[in-house]
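A short write-up of the structure that comes next.
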Amino acid sequence: MEIQTFSYCSPKLELRPCPEKGGFGLFAIEPISAGELLAMWGGQVVTSEQLQYLPVDRQTHGIQIHEDLYLVPVTHGEPADYFNHSCNPNCGLDSPISLVAMRDIEVGEEACFDYAMSDSSDYDEFECHCGAPNCRKTITGRDWMLPELQERYFGFFSPYLQRRIEKMREEIQLKGNGNKPANITDDR
(Lines of atoms letter the chains of each structure in order from A; the text may use other names.)
(Lines give C-alpha, C1' and ligand atoms only; values in the text may rest on other atoms or scores of the structure.)
Protein backbone atom coordinates (compact mmCIF):
# COMPACT_ATOMS: atom_id res chain seq x y z
CA MET A 4 0.00 0.00 0.00
CA GLU A 5 1.35 3.42 -0.98
CA ILE A 6 1.47 6.17 1.64
CA GLN A 7 -0.65 9.20 0.75
CA THR A 8 1.36 12.40 0.48
CA PHE A 9 0.17 15.96 0.16
CA SER A 10 3.41 17.46 -1.17
CA TYR A 11 5.77 16.78 -4.06
CA CYS A 12 9.48 16.30 -3.45
CA SER A 13 11.92 15.67 -6.29
CA PRO A 14 13.13 12.07 -6.58
CA LYS A 15 16.62 13.59 -6.98
CA LEU A 16 16.56 14.39 -3.24
CA GLU A 17 16.99 12.00 -0.34
CA LEU A 18 16.04 12.55 3.29
CA ARG A 19 19.06 11.99 5.55
CA PRO A 20 19.90 12.59 9.20
CA CYS A 21 21.45 16.02 9.72
CA PRO A 22 22.53 15.97 13.40
CA GLU A 23 24.45 19.27 13.15
CA LYS A 24 21.11 20.95 12.43
CA GLY A 25 19.16 18.93 14.97
CA GLY A 26 17.15 16.70 12.67
CA PHE A 27 17.03 15.79 8.99
CA GLY A 28 17.81 17.43 5.67
CA LEU A 29 17.32 16.79 1.96
CA PHE A 30 20.41 15.95 -0.08
CA ALA A 31 20.94 15.65 -3.84
CA ILE A 32 21.44 12.07 -5.04
CA GLU A 33 21.61 13.19 -8.69
CA PRO A 34 22.80 16.47 -10.22
CA ILE A 35 20.11 19.17 -10.13
CA SER A 36 19.97 22.00 -12.67
CA ALA A 37 19.23 25.64 -11.89
CA GLY A 38 15.49 26.29 -12.20
CA GLU A 39 14.51 22.67 -11.58
CA LEU A 40 11.42 22.11 -9.41
CA LEU A 41 12.40 20.50 -6.10
CA ALA A 42 9.21 20.72 -4.07
CA MET A 43 5.59 21.73 -4.20
CA TRP A 44 4.03 21.90 -0.78
CA GLY A 45 0.48 20.87 -0.03
CA GLY A 46 -1.47 20.85 3.19
CA GLN A 47 -3.96 22.89 5.14
CA VAL A 48 -4.24 26.68 4.82
CA VAL A 49 -4.66 28.45 8.18
CA THR A 50 -4.65 32.02 9.47
CA SER A 51 -2.05 33.29 11.94
CA GLU A 52 -4.66 33.04 14.70
CA GLN A 53 -5.37 29.39 13.85
CA LEU A 54 -1.64 28.65 13.54
CA GLN A 55 -0.97 29.42 17.19
CA TYR A 56 -3.33 26.61 18.29
CA LEU A 57 -1.71 23.90 16.17
CA PRO A 58 0.87 21.44 17.53
CA VAL A 59 4.40 22.85 17.40
CA ASP A 60 5.60 20.34 14.78
CA ARG A 61 2.86 21.50 12.37
CA GLN A 62 3.69 25.15 13.06
CA THR A 63 7.42 24.77 12.48
CA HIS A 64 6.99 22.75 9.29
CA GLY A 65 4.55 25.28 7.83
CA ILE A 66 5.32 28.05 5.37
CA GLN A 67 3.85 31.53 5.21
CA ILE A 68 2.11 31.91 1.83
CA HIS A 69 0.41 35.32 2.18
CA GLU A 70 0.10 38.22 4.62
CA ASP A 71 -1.96 36.25 7.15
CA LEU A 72 -2.03 32.76 5.65
CA TYR A 73 0.14 29.73 6.30
CA LEU A 74 0.32 26.34 4.64
CA VAL A 75 0.87 23.65 7.26
CA PRO A 76 1.36 19.92 6.74
CA VAL A 77 -1.65 17.67 7.23
CA THR A 78 0.59 14.81 8.26
CA HIS A 79 4.04 14.98 9.79
CA GLY A 80 7.10 13.52 8.14
CA GLU A 81 6.72 14.01 4.40
CA PRO A 82 10.13 14.58 2.76
CA ALA A 83 9.14 18.06 1.52
CA ASP A 84 8.75 19.11 5.17
CA TYR A 85 12.51 18.84 5.71
CA PHE A 86 14.01 21.67 3.67
CA ASN A 87 16.34 23.36 6.12
CA HIS A 88 17.18 27.04 6.31
CA SER A 89 20.53 28.36 5.13
CA CYS A 90 21.86 31.91 5.04
CA ASN A 91 23.62 30.81 1.83
CA PRO A 92 20.79 28.95 0.05
CA ASN A 93 20.79 27.05 -3.22
CA CYS A 94 16.97 26.99 -3.52
CA GLY A 95 14.32 29.69 -3.72
CA LEU A 96 10.59 30.12 -4.22
CA ASP A 97 8.99 30.54 -7.60
CA SER A 98 5.45 30.62 -6.17
CA PRO A 99 4.07 30.64 -2.63
CA ILE A 100 4.21 26.83 -2.55
CA SER A 101 6.98 25.74 -4.93
CA LEU A 102 10.73 25.57 -4.43
CA VAL A 103 13.27 25.57 -7.29
CA ALA A 104 17.05 25.33 -7.53
CA MET A 105 18.60 28.82 -7.68
CA ARG A 106 21.78 27.33 -9.14
CA ASP A 107 23.10 23.90 -10.08
CA ILE A 108 23.25 21.57 -7.06
CA GLU A 109 25.86 18.83 -6.90
CA VAL A 110 25.39 15.26 -5.69
CA GLY A 111 25.75 15.14 -1.89
CA GLU A 112 24.89 18.82 -1.41
CA GLU A 113 22.03 19.72 0.92
CA ALA A 114 19.12 21.53 -0.73
CA CYS A 115 18.02 24.44 1.46
CA PHE A 116 16.48 27.89 1.27
CA ASP A 117 16.54 31.08 3.31
CA TYR A 118 13.32 31.31 5.30
CA ALA A 119 13.44 35.10 4.71
CA MET A 120 12.10 34.28 1.24
CA SER A 121 8.73 33.32 2.71
CA ASP A 122 8.36 34.41 6.33
CA SER A 123 7.41 37.89 7.54
CA SER A 124 6.17 37.02 11.02
CA ASP A 125 8.09 35.88 14.05
CA TYR A 126 6.13 32.66 14.62
CA ASP A 127 9.29 30.66 13.89
CA GLU A 128 12.20 32.85 15.07
CA PHE A 129 15.28 30.74 15.84
CA GLU A 130 19.04 30.67 16.29
CA CYS A 131 20.73 29.69 13.05
CA HIS A 132 23.43 27.02 12.89
CA CYS A 133 23.75 26.81 9.10
CA GLY A 134 27.50 27.34 9.20
CA ALA A 135 27.55 29.71 6.22
CA PRO A 136 30.22 32.45 6.32
CA ASN A 137 27.42 35.03 6.03
CA CYS A 138 25.24 33.43 8.75
CA ARG A 139 22.89 35.95 10.39
CA LYS A 140 22.93 33.91 13.68
CA THR A 141 19.28 34.73 14.48
CA ILE A 142 16.52 34.28 11.90
CA THR A 143 13.47 36.53 12.26
CA GLY A 144 10.37 37.46 10.32
CA ARG A 145 11.97 40.84 9.54
CA ASP A 146 14.96 39.47 7.62
CA TRP A 147 13.22 39.97 4.26
CA MET A 148 13.65 43.73 4.85
CA LEU A 149 17.45 43.52 4.69
CA PRO A 150 18.55 45.27 1.46
CA GLU A 151 21.33 42.75 0.79
CA LEU A 152 18.82 39.86 0.92
CA GLN A 153 16.36 41.74 -1.29
CA GLU A 154 19.09 42.08 -3.92
CA ARG A 155 20.50 38.55 -3.58
CA TYR A 156 17.11 36.80 -3.64
CA PHE A 157 15.27 39.01 -6.14
CA GLY A 158 12.83 36.78 -8.02
CA PHE A 159 12.93 34.05 -5.34
CA PHE A 160 10.68 35.65 -2.71
CA SER A 161 7.11 34.55 -2.13
CA PRO A 162 4.89 36.83 -4.26
CA TYR A 163 3.35 38.60 -1.23
CA LEU A 164 6.84 39.53 0.01
CA GLN A 165 8.00 40.56 -3.45
CA ARG A 166 5.03 42.98 -3.58
CA ARG A 167 6.01 44.39 -0.18
CA ILE A 168 9.60 44.88 -1.35
CA GLU A 169 8.48 46.63 -4.54
CA LYS A 170 6.18 48.91 -2.52
CA MET A 171 9.03 49.78 -0.13
CA ARG A 172 11.30 50.60 -3.08
CA GLU A 173 8.62 52.82 -4.65
CA GLU A 174 8.17 54.70 -1.37
CA ILE A 175 11.92 55.22 -1.04
CA GLN A 176 12.11 56.41 -4.63
CA LEU A 177 9.21 58.84 -4.07
CA LYS A 178 10.94 60.30 -1.02
CA GLY A 179 14.14 60.71 -3.06
CA ASN A 180 12.23 62.50 -5.86
CA GLY A 181 10.45 64.97 -3.61
CA ASN A 182 7.28 62.81 -3.59
CA LYS A 183 6.89 62.92 -7.38
CA PRO A 184 6.16 59.62 -9.11
CA ALA A 185 9.33 58.23 -10.72
CA ASN A 186 8.05 58.74 -14.30
CA ILE A 187 7.21 62.46 -13.92
CA THR A 188 9.93 64.98 -14.76
CA ASP A 189 10.11 68.66 -13.90
CA ASP A 190 10.59 70.57 -17.19
CA ARG A 191 10.92 74.10 -15.84
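In my numbering, the protein residues as written are 4 to 191.
Ideal placement from N, C-alpha and C gives every residue a C-beta, glycine not left out.
None of these values were measured; they are calculated from a predicted model.
- Per DSSP, the continuous beta strand (DSSP E) segment holding proline 20 begins and ends at 16-21.
- For serine 123, the secondary structure class from DSSP, reduced to helix, strand or coil, is coil.
- Nearest to glycine 65 by C-alpha distance, out of Tyr56, Val59, Val75, Phe160, is Val75.
- If the five residues before and after arginine 61 are omitted, its C-beta is found closer than 8 angstroms to the C-beta atoms of Val75, Pro76, His79, all from its own chain and listed in chain order.
- Annotation note: the segment 139-181 contains the following uninterrupted alpha helix (DSSP H) runs of length 4 or greater, listed N- to C-terminal: 150-155, 162-179.
- Per DSSP, the unbroken beta strand (DSSP E) holding leucine 72 starts and ends at 72-75.
- Here the C-alpha atom of alanine 135 lies approximately 28 angstroms from the C-alpha atom of arginine 166.
- At least 8 angstroms separates the beta-carbon of arginine 155 from that of cysteine 90.
- DSSP lists Val103 as the beta-bridge partner residues of leucine 40.
- Contact between alanine 83 and alanine 42 holds: their C-beta atoms lie close to 4 angstroms from each other, under 8 angstroms.
- Under DSSP, isoleucine 32 takes part in no beta bridge, so it has no partner.
- If you check the CB distance, proline 14 and proline 99 do not come in under 8 angstroms.
- One alpha carbon belongs to leucine 40, the other to isoleucine 32, and they sit about 15 angstroms apart.
- According to the DSSP secondary-structure assignment, glycine 95 is paired through a beta bridge with Val103.
- Following the DSSP letters along the chain, one finds threonine 78 in no alpha helix (DSSP H), marked with neither H nor E.
- Excluding sequence positions up to five before and after glutamate 113, its CB lies within less than 6 angstroms of the CB of Gly28, Phe30, all in the same chain and listed in chain order.
- Distances from the alpha-carbon of valine 110 to those of Leu96, Leu16, Cys12, Arg145 put Leu16 closest.
- Following the DSSP letters along the chain, one finds glutamine 55 in no beta strand (DSSP E), marked with neither H nor E.
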